[in-house]
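This report refers to the structure that appears directly beneath it.
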Amino acid sequence: MCLSIPGKLTEITAELDETFRIGKVDFDGIKKEVNLAMVPEVKIGDYVLVHVGAAISVIDAEEAKKTFEIIKQMGELNELEDKKLD
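If you read the sequence shown in the numbering used here, its first letter stands for residue 1, the second for the next number, and so on.
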């Protein structure tokens, strides 16, 4: 099953211009680099939904936390945890 996972943008790690950026997203302690091109409005501290390495939308913190808890309960985080980025 393919899911979008919510996470918090903690840092911009590469920036070609205002649209083409890469950022580090924190998924409850698991950090990954994510393409931010589809969400040019995103700022550090915002929550995003990430699918296949790309942030696809900005969501509010409460929705992100609810969604992440459901995904954890479903046991769908195994693949994400296996590929931690430090």
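We put the CB at the ideal spot given by N, CA and C, even for glycine.
**Request:** Note down, in chain order, each residue of its chain lying with its Cβ closer than 7 angstroms to the Cβ of T67, except the 5 sequence neighbours on either side.
**Result:** For the purposes of this step, residue 67 is taken as the residue at position 67 of the sequence shown. Excluding positions up to five away in sequence, the list reads P6.
**Request:** Classify I71 as helix, strand or coil using the three-state DSSP reduction.
**Result:** By one-based count along the sequence shown, residue 71 stands at place 71. In this structure, I71 counts as helix in the three-state DSSP scheme.
**Item:** Neighbourhood of A14 by C-beta distance below 7 angstroms, restricted to the same chain and skipping five residues each side
**Value:** As a position in the sequence shown, residue 14 is number 14, starting the count at 1. Taken in chain order, the residues that qualify are R21, I22.
**Asked** Are there 16 or more other CB atoms within 10 angstroms of the CB of A37, so buried, or fewer, so exposed?
**Response** For this step, residue 37 is matched to residue 37 along the sequence shown. Exposed, by the Cβ-count rule.
**Prompt:** Which of the three DSSP states, helix, strand or coil, is assigned to E41?
**Reply:** What you label residue 41 is simply residue 41 of the sequence shown in a count that begins at 1. Coil.
**Message:** When you compare the CB positions of L9 and V42, do they come within less than 8 angstroms of one another, or not?
**Reply:** Here residue 9 refers to the residue found at position 9 of the sequence shown. Here residue 42 refers to the residue found at position 42 of the sequence shown. Going by C-beta atoms, L9 is nearer than 8 angstroms to V42.
**Asked** Are there 16 or more other CB atoms within 10 angstroms of the CB of L49, so buried, or fewer, so exposed?
**Response** For the purposes of this step, residue 49 is taken as residue 49 along the sequence shown, with counting starting at 1. The residue is buried, with at least 16 neighbouring Cβ atoms inside 10 Å.
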